[in-house]
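Take a look at the structure set out below.
In the UniProt record's numbering, the protein residues as written are 1 to 160.
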């Protein structure tokens, strides 16, 4: 079994001037952060779920969650498994140890909806994890304040 750490979603922000959304994860029982550049559609899906917004009709990640349930399967966790040439890889882990390759952004959006844990393999954290020193803790607070003020509309129109 590969060593991994459970991660928590800090949130999504848009990195300027490139207007590129970043998903920020933090170890649940550690101090490393994992920033992952993602597409604007997935950023919106994650932000909507974090804000508790329920669309009138199911979005793609809601649909996938419903299909998994309708087929009688259980999503147990999502794992961020690899980083190759700047691209992160993930997998959905179902009951019976069935695994499906997926993008981390889709995996996190689905994990939030399904209420399942998110893990990052130790090799990924070793390569891309960041430790934010205590004196920069206010930067994390600024990030949280930004997340509180951002709306899903802020993610629309960004190039993916």
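C-beta: ideal position from N, C-alpha, C; glycine also.
| query | result |
| --- | --- |
| Excluding the five sequence neighbours on either side, which residues of its own chain have a C-beta within less than 8 Å of the C-beta of residue 31, listed in chain order? | 131 and 132 |
| For residue 106, does the count of other Cβ atoms within 10 angstroms reach 16, so buried, or fall short, so exposed? | buried |
| Where does residue 18 sit, in a helix, a strand or coil, going by DSSP? | coil |
| Could you give the distance in angstroms between the alpha-carbon of residue 117 and the alpha-carbon of residue 34? | 15 Å |
| Given a cut-off of 8 Å on the beta-carbon distance, is the pair residue 73 and residue 93 in contact? | no |
| Given a cut-off of 8 Å, decide if residue 124 and residue 83 are closer than it, judged by their beta-carbon atoms. | yes |
| So the candidates are 89, 6, 121 and 51; which of them puts its Cα closest to the Cα of residue 29? | 6 |
| Residues in the same chain with beta-carbon distance under 7 Å from residue 126, minus the five sequence neighbours each way, listed in chain order, please. | none |
| Starting from residue 68, trace the beta strand (DSSP E) in both directions and tell me its first and last residue. | No beta strand (DSSP E) contains residue 68, which is instead part of the alpha helix (DSSP H) from 60-70. |
| If you follow the alpha helix (DSSP H) that residue 126 is part of, which residue opens it and which one closes it? | 122-128 |
| What separation, rounded to the nearest whole angstrom, lies between the Cα atoms of residue 101 and residue 88? | 11 Å |
| Taking residue 96 as the reference, which of 75, 53 and 85 has the closest Cα? | 75 |
| Please identify the residue among 68, 46, 103 and 37 whose C-alpha is closest to the C-alpha of residue 81. | 103 |
| Assuming residue 44 is part of the alpha helix (DSSP H), what are its boundary residues? | 40-50 |
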